[in-house]
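Written out below as structure tokens is the structure these notes cover.
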Amino acid sequence: MAPTELRLCAMPSARSFGSRSRSSGQPRGRSTSRPRVLAAHLEPWPAALTVKCLCLYHPDDRAELRGAQERNLLRLAAACRAQQRELLLEIAAGGLG
553 MAPTELRLCA
563 MPSARSFGSR
573 SRSSGQPRGR
583 STSRPRVLAA
593 HLEPWPAALT
603 VKCLCLYHPD
613 DRAELRGAQE
623 RNLLRLAAAC
633 RAQQRELLLE
643 IAAGGLG
């Protein structure tokens, strides 16, 4: 995974844990990296699914790399908010090599 990629997957929403059919907690749907248009990528996902995002981010990265990651995360958050989706963000802050 390149440092500027966001890896997305779908998982049951916390709101759906009361439902027996959706209480497994296992990721569902396909993982993807580098979605070009986040809102369009998320639209076909069932509304009960939470977006889980893995983001590689380190404060010692170059400023332009950090800025690109921050812009991607803001786009993702806006897309989730517009679709009233939950967003689970996992930040991996370790070194890349």
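The numbering used here puts the sequence shown at residues 553 to 649. Using N, Cα and C, we set each Cβ at its ideal position, and we do this for glycine too. Please read all numbers here as calculations on a predicted model, not as lab measurements.
Classify Glu-595 as helix, strand or coil using the three-state DSSP reduction.
The count along the sequence shown starts at 1 and reaches residue 595 at position 43. The answer is coil: DSSP assigns Glu-595 none of H, G, I, E or B.
When you compare only the Cα positions, how much space is there between Ala-631 and Leu-639?
The residue you call residue 631 lines up with position 79 of the sequence shown. The residue you call residue 639 lines up with position 87 of the sequence shown. C-alpha separation (whole angstroms): 10 Å.
Could you tell me whether the Cβ atoms of Ala-620 and Ala-591 are closer together than 8 Å?
In the sequence shown, the residue the question calls residue 620 occupies position 68. In the sequence shown, the residue the question calls residue 591 occupies position 39. Against a cut-off of 8 Å, the Cβ pair of Ala-591 and Ala-620 comes out as no contact.
To the nearest angstrom, report how far apart Arg-614 and Trp-597 are at their CA atoms.
Stepping through the sequence shown from its first residue, residue 614 is reached at position 62. Stepping through the sequence shown from its first residue, residue 597 is reached at position 45. About 34 Å.
Considering Glu-638, what are the terminal residues of the beta strand (DSSP E) in which it resides?
On the sequence shown, residue 638 is found 86 positions in, with the first residue counted as 1. Unbroken run through Glu-638: none, as it is neither H nor E.
Between the beta-carbon of Leu-625 and the beta-carbon of Arg-559, is there less than 8 Å?
As a position in the sequence shown, residue 625 is number 73, starting the count at 1. As a position in the sequence shown, residue 559 is number 7, starting the count at 1. No, they are not a contact pair.
Out of Lys-604, Ala-644, Tyr-609, Ala-645, which has the shortest C-alpha to C-alpha gap to Ala-629?
For the purposes of this step, residue 629 is identified with residue 77 of the sequence shown, where counting begins at 1. Among Lys-604, Ala-644, Tyr-609, Ala-645, the Cα nearest to that of Ala-629 belongs to Lys-604.
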